[in-house]
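All remarks here apply to the structure that follows.
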Amino acid sequence: MPPRKAISGTNLEQAKSHNRRVVIEAIRTNGSLSRAAIARLTALSTQTISNIVEELEAAGLLRAEATLKGARGQPAVPYSIDPDGGYSIGLQLDHQLAVGVITDLSGTVRARIERPVDRPTPAQAMPLLAEICDGLMRGFRFDRTRLLGIGVAMPGPFDVEGMTSVGPTALPGWQDFPVAEELQRLTGIAVTVENDATAAAIGERLYGVARSLGSFVYLFIGTGLGAGLFLDGHLYKGSRHNAGEIGHMIVRPGGLACGCGKRGCLERYVSLRAAYDRIGLPDPDHASPDVLEELLAQGDSRLDAWIADAVDPLRQAIDVLELALDPETVVLGGFMPLPVIEALVARLEPLNLSVSSTSARVTPRVLIGAAGKDTSVLGAAALPIFSETNPQFEVLQKPLG
Numbered sequence: 150m151p152p153r154k155a156i157s158g159t160n161l162e163q164a165k166s167h168n169r170r171v172v173i174e175a176i177r178t179n180g181s182l183s184r185a186a187i188a189r190l191t192a193l194s195t196q197t198i199s200n201i202v203e204e205l206e207a208a209g210l211l212r213a214e215a216t217l218k219g220a221r222g223q224p225a226v227p228y229s230i231d232p233d234g235g236y237s238i239g240l241q242l243d244h245q246l247a248v249g250v251i252t253d254l255s256g257t258v259r260a261r262i263e264r265p266v267d268r269p270t271p272a273q274a275m276p277l278l279a280e281i282c283d284g285l286m287r288g289f290r291f292d293r294t295r296l297l298g299i300g301v302a303m304p305g306p307f308d309v310e311g312m313t314s315v316g317p318t319a320l321p322g323w324q325d326f327p328v329a330e331e332l333q334r335l336t337g338i339a340v341t342v343e344n345d346a347t348a349a350a351i352g353e354r355l356y357g358v359a360r361s362l363g364s365f366v367y368l369f370i371g372t373g374l375g376a377g378l379f380l381d382g383h384l385y386k387g388s389r390h391n392a393g394e395i396g397h398m399i400v401r402p403g404g405l406a407c408g409c410g411k412r413g414c415l416e417r418y419v420s421l422r423a424a425y426d427r428i429g430l431p432d433p434d435h436a437s438p439d440v441l442e443e444l445l446a447q448g449d450s451r452l453d454a455w456i457a458d459a460v461d462p463l464r465q466a467i468d469v470l471e472l473a474l475d476p477e478t479v480v481l482g483g484f485m486p487l488p489v490i491e492a493l494v495a496r497l498e499p500l501n502l503s504v505s506s507t508s509a510r511v512t513p514r515v516l517i518g519a520a521g522k523d524t525s526v527l528g529a530a531a532l533p534i535f536s537e538t539n540p541q542f543e544v545l546q547k548p549l550g
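Everything in the sequence shown is counted per the working numbering, starting at 150 for the first residue and increasing by one.
Below is the structure:
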């Protein structure tokens with residue numbers, strides 16, 4: 150049995166909300182726990198834990214499981230997260246697809262709707278997203294009072310002149326558009342918006358291979374390339390929510406022209422669009438990632454050439470991320486088909502020497518994400534849940550009084 154992960158709480162009265170999240174995180178990470186076990190893992194007093202567990206059980210977020218028979222005294226009652234304690238809607242908008250899901254507190258998809266799009270503008274996309282939300286709520290019967298909100302995942306970067314709306318990896322017309330405000334007006338539900346890489350990192354943290362990690366980078370391979378940064382137990386978004394836009398990091402000076410105006414950007418070598426261009430597909434704007442999986446199964450030499458060409462730029466990106474951020478691991482995922490990601494990862498070794506090159510490490514330097522092709526929309530659905538359950542350590546920095 151792996152060692153249980155401790156998550157420190159605080160006995161400060163004004164940090165009650167933080168402590169509730171700490172308790173939920175302890176149970177989410179370790180599985181069902183008794184009150185005594187939660188107290189040991191969180192360093193909170195027994196009375197504090199007793200009060201919080203009672204509140205969370207009354208709120209429907211936790212449920213009591215069958216009692217555990219101990220050596221002495223009363224049997225311990227373990228508590229787990231109640232999947233029906235909360236629901237959220239996740240929306241993912243990309244160049245060719247709009248997807249919506251409803252998930253419960255455990256991350257299980259209860260309903261799903263998918264609609265084709267073609268590089269939609271806000272005028273085209275917003276009514277469609279509202280329609281998807283309405284269809285999800287009509288198609289799945291649940292207690293609406295337990296709907297935590299809507300999360301939206303979209304390609305970044307956001308609000309950057311010359312990068313947000315230009316080039317084949319960007320969506321047109323979204324510069325300065327108030328996505329959250331407009332969708333909330335259309336649906337009457339609170340909305341949170343993140344770039345697809347950050348959303349995917351949240352999904353991987355809650356439900357995937359990074360659920361027990363405190364620091365990792367999620368490399369999202371989509372039409373372009375971005376990174377979600379989960380560092381020291383919380384997301385790092387940057388001053389304008391554009392942290393992790395490493396797709397526009399130059400890896401080959403003077404290399405292939407990029408829509409951002411530079412040459413040799415990473416996503417010109419490692420992305421779906423890069424693979425489509427390298428293979429020579431006649432209509433890359435409307436190509437499906439499935440074609441890459443089919444070509445891989447056929448042993449197509451063009452796809453093999455792209456993988457060989459992508460390996461060194463990807464190694465370079467991993468090297469930079471490790472040296473700059475010192476994460477426990479780098480997770481690869483996104484819209485790229487899993488077999489293609491596996492083929493790419495298989496060729497990465499030997500990775501460049503970096504601060505992560507240590508014999509003491511337990512987690513591999515590179516992991517493959519577990520969420521599959523729905524990683525972005527699952528991450529989007531996780532946004533409202535994440536805000537309700539992830540410990541917010543900044544609350545501890547607030548002054549007393």
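For every residue, glycine included, the Cβ atom is placed at its ideal position computed from N, Cα and C.
Query: Cβ neighbours of residue 427 in the same chain (closer than 6 Å, five flanking residues each side left out); Result: 455
Query: Reduced DSSP secondary structure (H/G/I, E/B, other) of residue 270; Result: coil
Query: Rounded straight-line distance, which links the Cα of residue 288 to that of residue 196; Result: 42 Å
Query: Segments assigned beta strand (DSSP E), at least 3 residues, entirely inside the stretch 245-307; Result: 246-253, 258-265 and 296-303
Query: Residue 406 versus residue 433 - alpha carbon distance; Result: 16 Å
Query: Residues near residue 382 by beta carbon distance below 6 Å, same chain, minus five either side; Result: 363
Query: Cβ separation of residue 348 and residue 300, assumed to be a contact under 8 Å, to the nearest whole Å; Result: 7 Å
Query: Range covered by the alpha helix (DSSP H) that runs through residue 465; Result: 450-474
Query: Cβ-heavy atom distance, residue 491 to the ligand MN, below 7 Å; Result: Absence of the ligand MN is noted for the structure shown, with no ligands found whatsoever.
Query: Opposing strand residues paired with residue 349 [DSSP bridges]; Result: Beta-bridge pairing links residue 349 to no other residue.
Query: Reduced DSSP category for residue 199 - H, G, I as helix; E, B as strand; rest coil; Result: helix
Query: Inter-residue spacing [alpha-carbon to alpha-carbon] between residue 519 and residue 412; Result: 33 Å
Query: Of the listed residues 528, 171, 177 and 395, nearest to residue 353 (C-alpha basis); Result: 528
Query: Segment contact flag, the stretch 264-274 with the stretch 490-504, C-beta cutoff 8 Å, min 3 pairs; Result: no
Query: Three-state class that DSSP yields for residue 311 in the structure shown; Result: Low per-residue confidence applies at residue 311: pLDDT is 44, beneath 50, and the placement is therefore not dependable enough to give any value.
Query: Beta-carbon proximity of residue 359 to residue 341, cut-off 8 Å; Result: no
Query: Rounded C-alpha distance that separates residue 283 from residue 243; Result: 20 Å
Query: Whole-angstrom distance between residue 471 and residue 530, CA atom to CA atom; Result: 28 Å
Query: Contiguous alpha helix (DSSP H) assignments of at least 4 residues, all confined to the stretch 408-436; Result: 421-428
Query: Beta-carbon proximity list for residue 205, same chain, < 6 Å, skipping 5 on both sides; Result: 211
Query: Under the three-state DSSP convention, the category residue 389 falls into; Result: coil
Query: Buried versus exposed, by CB contacts within 10 Å (16 or more), residue 267; Result: exposed
Query: Inter-residue Cα distance where the pair is residue 393 and residue 240; Result: 21 Å
Query: Residue 502 and residue 462 closer than 8 Å at C-beta; Result: no
Query: For residue 542, the three-state DSSP class (helix, strand or coil); Result: Its pLDDT being 41, under 50, residue 542 is placed unreliably by the model, and nothing is read from it.
Query: C-beta atoms of residue 285 and residue 249 nearer than 8 Å; Result: yes
Query: Backbone CA spacing between residue 275 and residue 339 [nearest angstrom]; Result: 15 Å
Query: CA-to-CA distance, residue 390 to residue 229, given in whole angstroms; Result: 33 Å
Query: Where residue 507 falls, given that 16 or more other Cβ within 10 Å makes a residue buried; Result: exposed
Query: Coil, strand or helix - residue 490 by DSSP; Result: helix
Query: Burial state of residue 174 (16 or more Cβ within 10 Å); Result: buried
Query: Inter-residue Cα distance where the pair is residue 419 and residue 334; Result: 37 Å
Query: Length of the line joining the Cα atoms of residue 445 and residue 422; Result: 16 Å
Query: From 368, 385 and 408, residue whose alpha carbon lies closest to that of residue 484; Result: 368
Query: Rounded distance between the beta-carbons of residue 512 and residue 482, thought under 8 Å; Result: Contact flag wrong, Cβ pair sits at about 16 Å.
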